[in-house]
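**Q**
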Amino acid sequence: MIASLSQARDFVALCDPLARRRADNARRLRTVRYPAWLIVLTTALLVPGCGGVQSALSPAGREAGRIADLFWWMTGGAIIVWLAVIGLTIYAARVQSEARNHRRDRFLIIGGGVLVPTVVLTVLLLYGLAPIPALLAPAPEGSLKIVVSGEQWWWRVRYLPPGGQPLEMANEIRLPVGEPVQFQLESPDVIHSFWIPSLAGKMDMIPGRVTYLALQPAKTGVYRGACAEYCGTSHAMMNFYVEVMEKEDFSRWLAQQAQPSQPPAETIAARGQELFLTNGCNACHTVRGTPARGVIGPDLTHVGSRLSIAAGTLPNEPDDFQRWIAHTTEVKPAVLMPAFYMLPPEDLRALATYLEGLK
Ligand code: CUA
Numbered sequence: 024m025i026a027s028l029s030q031a032r033d034f035v036a037l038c039d040p041l042a043r044r045r046a047d048n049a050r051r052l053r054t055v056r057y058p059a060w061l062i063v064l065t066t067a068l069l070v071p072g073c074g075g076v077q078s079a080l081s082p083a084g085r086e087a088g089r090i091a092d093l094f095w096w097m098t099g100g101a102i103i104v105w106l107a108v109i110g111l112t113i114y115a116a117r118v119q120s121e122a123r124n125h126r127r128d129r130f131l132i133i134g135g136g137v138l139v140p141t142v143v144l145t146v147l148l149l150y151g152l153a154p155i156p157a158l159l160a161p162a163p164e165g166s167l168k169i170v171v172s173g174e175q176w177w178w179r180v181r182y183l184p185p186g187g188q189p190l191e192m193a194n195e196i197r198l199p200v201g202e203p204v205q206f207q208l209e210s211p212d213v214i215h216s217f218w219i220p221s222l223a224g225k226m227d228m229i230p231g232r233v234t235y236l237a238l239q240p241a242k243t244g245v246y247r248g249a250c251a252e253y254c255g256t257s258h259a260m261m262n263f264y265v266e267v268m269e270k271e272d273f274s275r276w277l278a279q280q281a282q283p284s285q286p287p288a289e290t291i292a293a294r295g296q297e298l299f300l301t302n303g304c305n306a307c308h309t310v311r312g313t314p315a316r317g318v319i320g321p322d323l324t325h326v327g328s329r330l331s332i333a334a335g336t337l338p339n340e341p342d343d344f345q346r347w348i349a350h351t352t353e354v355k356p357a358v359l360m361p362a363f364y365m366l367p368p369e370d371l372r373a374l375a376t377y378l379e380g381l382k
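Just so you know, we're using the numbering used here here: the sequence shown kicks off at 24 and counts up by one.
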């Protein structure tokens with residue numbers, strides 16, 4: 024028998040699965056407690072996320088260092104303001120209104136509500152504005168200049184070494200450590216944003232305009248850059264690696280990149296090159312040293328030497344080359360490059376071997 028209203032509710036909950044689930048959830052919500060150790064553990068797990076190859080909080084360059092300093096000072100200021108506000112809130116809630124001293128209250132309102140925020144915010148504003156001239160200053164005359172063009176969804180990279188020949192490549196940047204570099208940023212299609220968090224701040228790439236970003240890497244290593252402005256379906260797959268090298272290694276690398284591609288050594292790679300030239304790949308891509316002279320897509324002269332393919336989307340491995348060529352739109356939705364899934368597996372393998380061999 025149902026004798027009370029709560030028994031009636033339990034009976035309805037028993038009959039109706041949705042109501043039962045709702046009642047379970049409500050009970051669980053009432054009993055959820057977050058123990059201190061869980062909060063400490065979560066924080067401990069989150070903190071290492073501040074490091075890595077793509078973190079503005081783990082700077083490896085002069086400009087990123089300035090920005091990280093600014094972030095920590097701003098965070099410190101915000102923590103002090105937050106503690107003061109919470110302290111005052113607790114004071115207001117705890118102390119009985121009759122027991123309050125009204126002169127002290129007025130002092131708190133004017134001091135804590137007007138004076139302190141005005142002083143703190145003015146100091147933080149001035150401190151925040153101070154690094155801007157240095158961050159926007161161009162690199163000294165005669166520095167290495169690199170033109171980067173953001174395209175949907177890859178990076179066209181043109182090195183203009185002082186006194187040397189311009190050199191086009193794609194989707195990877197290498198820099199000499201301790202040397203200032205001047206980036207000139209462009210876009211032929213939509214707005215992109217060029218960002219290497221470990222090395223510098225971000226700068227938009229705007230169609231019809233040229234923007235500039237100067238930086239000076241301080242530590243050798245591999246860092247990751249990304250497009251920081253939504254630019255279409257595969258915006259999240261528009262990344263690149265930046266390798267900061269010792270000066271001599273960099274000069275050697277640049278000289279090697281300036282060379283045309285070597286003729287394929289193996290038979291399978293030679294077959295791959297033939298397929299590359301007969302399947303229309305050459306209409307969009309350039310491979311210096313061969314008749315392939317397309318300029319719509321990335322230059323592939325030394326694609327085999329890069330750390331990733333498809334603009335930071337896949338590792339540079341033969342299997343991934345095959346996957347990319349056969350299923351472009353699955354790997355990178357809405358990409359312009361057509362998928363060559365109709366090619367027999369042995370042709371895909373030959374193409375991948377040829378491209379992988381372009382060191
Ligand atoms: Cu390019 Cu987002």
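Backbone N, C-alpha and C fix where the C-beta goes; we use that ideal spot for every residue, glycine too.
#1: Between which two residues does the beta strand (DSSP E) harbouring THR234 extend?
#2: Are GLY224 and GLU86 close, meaning C-beta to C-beta below 8 Å?
#3: So SER221 is in the beta strand (DSSP E); what residue range does that whole segment cover?
#4: In whole angstroms, give me the CA-to-CA distance for ILE155 and ILE90.
#5: Note down the Cα distance separating ALA333 from ASN194, rounded to an integer number of angstroms.
#6: Does DSSP put ILE113 in a helix, a strand or coil?
#7: State the DSSP-derived secondary structure class of ASP227, mapped to helix, strand or coil.
#8: For PRO199, write down the residues that DSSP places opposite it in a beta bridge.
#9: Could you check if TRP347 belongs to the surroundings of ligand 3, using beta carbon to heavy atom distance under 7 Å?
#10: Quick one, what's near ligand 1 if you take every residue whose CB is closer than 6 Å to any heavy atom, in chain order?
#11: Per the DSSP calculation, GLY244 is bridged to which residue(s)?
#12: According to DSSP, is TRP176 part of a helix, a strand, or is it coil?
#13: For the alpha helix (DSSP H) containing ALA373, name the first residue and the last one.
#14: Put HIS215 into one of helix, strand or coil per three-state DSSP.
#15: Considering only the beta carbon of each residue, do ASP222 and TYR253 sit closer than 8 Å?
#16: Given a cut-off of 8 Å, decide if ARG181 and MET268 are closer than it, judged by their beta-carbon atoms.
#17: Could you spell out where the beta strand (DSSP E) holding ALA349 opens and where it closes?
#18: Can you tell me whether DSSP reads TYR57 as helix, strand or coil?
#19: Ignoring anything shorter than 4 residues or poking outside the region 277-326, list the alpha helix (DSSP H) runs there in chain order.
#20: Measure the alpha-carbon distance for MET365 versus GLU379 and round it to whole angstroms.
#21: Tell me GLY84's beta-bridge partners as DSSP assigns them.
#22: Can you tell me which residues form a DSSP beta bridge with LEU250?
#23: Mind the definition here: the region 282-300 touches the region 156-173 only if three or more C-beta pairs lie below 8 Å; say whether that holds.
#24: Could you tell me how far apart the beta carbons of ALA241 and PRO203 are, in whole angstroms, since I believe they sit closer than 8 Å?
#25: Would the region 263-280 count as touching the region 104-112 if we require 3 or more Cβ pairs under 8 Å?
#26: Please report the straight-line C-alpha distance between ASN124 and VAL143, rounded to a whole angstrom.
#27: Rounded to whole angstroms, what is the Cα-Cα separation between LEU167 and LEU93?
#28: On a Cα-Cα basis, can you pick out the residue from MET360, ALA79, THR243 that is closest to ALA249?
#29: What does the alpha-carbon distance come out to for the pair PRO199 and PRO140?
#30: Are the beta-carbon atoms belonging to GLY135 and MET97 less than 8 Å from one another?
#31: Which term fits THR324, buried or exposed, when burial requires 16 or more other beta carbons within 10 angstroms of its beta carbon?
#32: Does any residue of chain E bring its CB to less than 8 Å from the CB of ILE62?
#33: Applying the criterion that 16 or more other CB atoms from any shown protein chain within 10 Å of the CB defines a buried residue, is THR112 buried or exposed?
#34: Spatial neighbours of THR243 within its chain, please: CB distance less than 7 Å, with the 5 preceding and 5 following residues excluded, ordered by chain position.
**A** On the basis of the supplied data:
#1: Your numbering for residue 234 matches position 211 in the sequence shown. Looking at the DSSP string, the run of the beta strand (DSSP E) that includes THR234 is 234-238.
#2: Along the sequence shown, one-based indexing puts residue 224 at 201. Along the sequence shown, one-based indexing puts residue 86 at 63. For GLY224 and GLU86, yes; Cβs fall inside 8 Å.
#3: Position 198 of the sequence shown holds residue 221. That residue, SER221, is in no beta strand (DSSP E); it is neither H nor E in DSSP.
#4: Here residue 155 refers to the residue found at position 132 when the sequence shown is read from its first residue. Here residue 90 refers to the residue found at position 67 when the sequence shown is read from its first residue. For ILE155 and ILE90, the distance between alpha carbons rounds to 10 Å.
#5: Stepping through the sequence shown from its first residue, residue 333 is reached at position 310. Stepping through the sequence shown from its first residue, residue 194 is reached at position 171. In a straight line, the C-alpha of ALA333 is about 8 Å away from that of ASN194.
#6: Here residue 113 corresponds to residue number 90 of the sequence shown, with the count starting at 1. Helix.
#7: Residue mapping note: residue 227 aligns to position 204 of the sequence shown, counting from 1. The answer is strand: DSSP assigns ASP227 an E or B state.
#8: As a position in the sequence shown, residue 199 is number 176, starting the count at 1. DSSP, once it has assigned bridges, lists MET268 as partnering PRO199.
#9: Absence of ligand 3 from the depicted structure is noted, with ligand 1 being the only ligands included.
#10: GLY173, TRP176, HIS215, CYS250, GLU252, TYR253, CYS254, HIS258, MET261
#11: If you number the sequence shown from 1, residue 244 lands on position 221. DSSP output for GLY244 lists VAL267 as bridge partner(s).
#12: Stepping through the sequence shown from its first residue, residue 176 is reached at position 153. Three-state DSSP puts TRP176 in coil, outside helix and strand.
#13: Indexing the sequence shown from 1 puts residue 373 at position 350. Taken as a continuous stretch (DSSP letters only), the alpha helix (DSSP H) holding ALA373 covers 368-379.
#14: Counting from 1 along the sequence shown, the entry for residue 215 is found at position 192. Residue state, collapsed to three classes: strand.
#15: Indexing the sequence shown from 1 puts residue 222 at position 199. Indexing the sequence shown from 1 puts residue 253 at position 230. The sequence given here places Leu at residue 222; Asp does not occur at that position. No, these two residues do not count as a Cβ contact at 8 Å.
#16: Position 245 of the sequence shown, counting from 1, holds the residue named residue 268. Position 158 of the sequence shown, counting from 1, holds the residue named residue 181. Not closer than 8 Å, so no.
#17: Working through the sequence shown from its first residue, we reach residue 349 at position 326. From DSSP, ALA349 is part of no beta strand (DSSP E) but of the alpha helix (DSSP H) over 341-349.
#18: As a working note, residue 57 is residue 34 in the sequence shown. Correct three-state label for TYR57: coil.
#19: 290-301
#20: Counting from 1 along the sequence shown, the entry for residue 365 is found at position 342. Counting from 1 along the sequence shown, the entry for residue 379 is found at position 356. Roughly 21 Å between the two C-alpha positions.
#21: Here residue 84 corresponds to residue number 61 of the sequence shown, with the count starting at 1. Note: GLY84 sits in a beta bridge opposite PRO240.
#22: For the purposes of this step, residue 250 is taken as the residue at position 227 of the sequence shown. This sequence places Cys at residue 250; Leu is not what is there. Answer by DSSP bridge pairing, in chain order: PHE217.
#23: no
#24: Position 218 of the sequence shown, counted from the start, is the residue given in the question as residue 241. Position 180 of the sequence shown, counted from the start, is the residue given in the question as residue 203. Actually they are not in contact, since the Cβ atoms of ALA241 and PRO203 sit about 11 Å apart, beyond 8 Å.
#25: no
#26: As a first step, residue 124 must be located in the sequence shown, where it is residue number 101. As a first step, residue 143 must be located in the sequence shown, where it is residue number 120. For ASN124 and VAL143, the distance between alpha carbons rounds to 26 Å.
#27: In the sequence shown, counting from the first residue as 1, residue 167 sits at position 144. In the sequence shown, counting from the first residue as 1, residue 93 sits at position 70. The straight-line gap from Cα to Cα measures roughly 27 Å.
#28: Numbered from its first residue, the sequence shown carries residue 249 at position 226. Taking only the C-alpha atoms, the option nearest ALA249 is ALA79.
#29: Numbered from 1 along the sequence shown, position 176 holds the residue referred to as residue 199. Numbered from 1 along the sequence shown, position 117 holds the residue referred to as residue 140. Those two C-alpha atoms are separated by around 44 Å.
#30: Translated into the one-based positions of the sequence shown, residue 135 becomes position 112. Translated into the one-based positions of the sequence shown, residue 97 becomes position 74. For GLY135 and MET97, no; Cβs fall outside 8 Å.
#31: Reading the sequence shown from its first residue, position 301 is the one you call residue 324. The residue is buried, with at least 16 neighbouring Cβ atoms inside 10 Å.
#32: Of the protein chains in the structure, only one exists, and it is not chain E.
#33: Walking along the sequence shown from the start, residue 112 turns up at place 89. It is exposed - the Cβ of THR112 has fewer than 16 other Cβ atoms within 10 Å.
#34: Within the sequence shown, residue 243 is the residue found at index 220, counting from 1. Within the same chain, THR243 has close Cβ partners VAL200, VAL267, MET268, GLU269.
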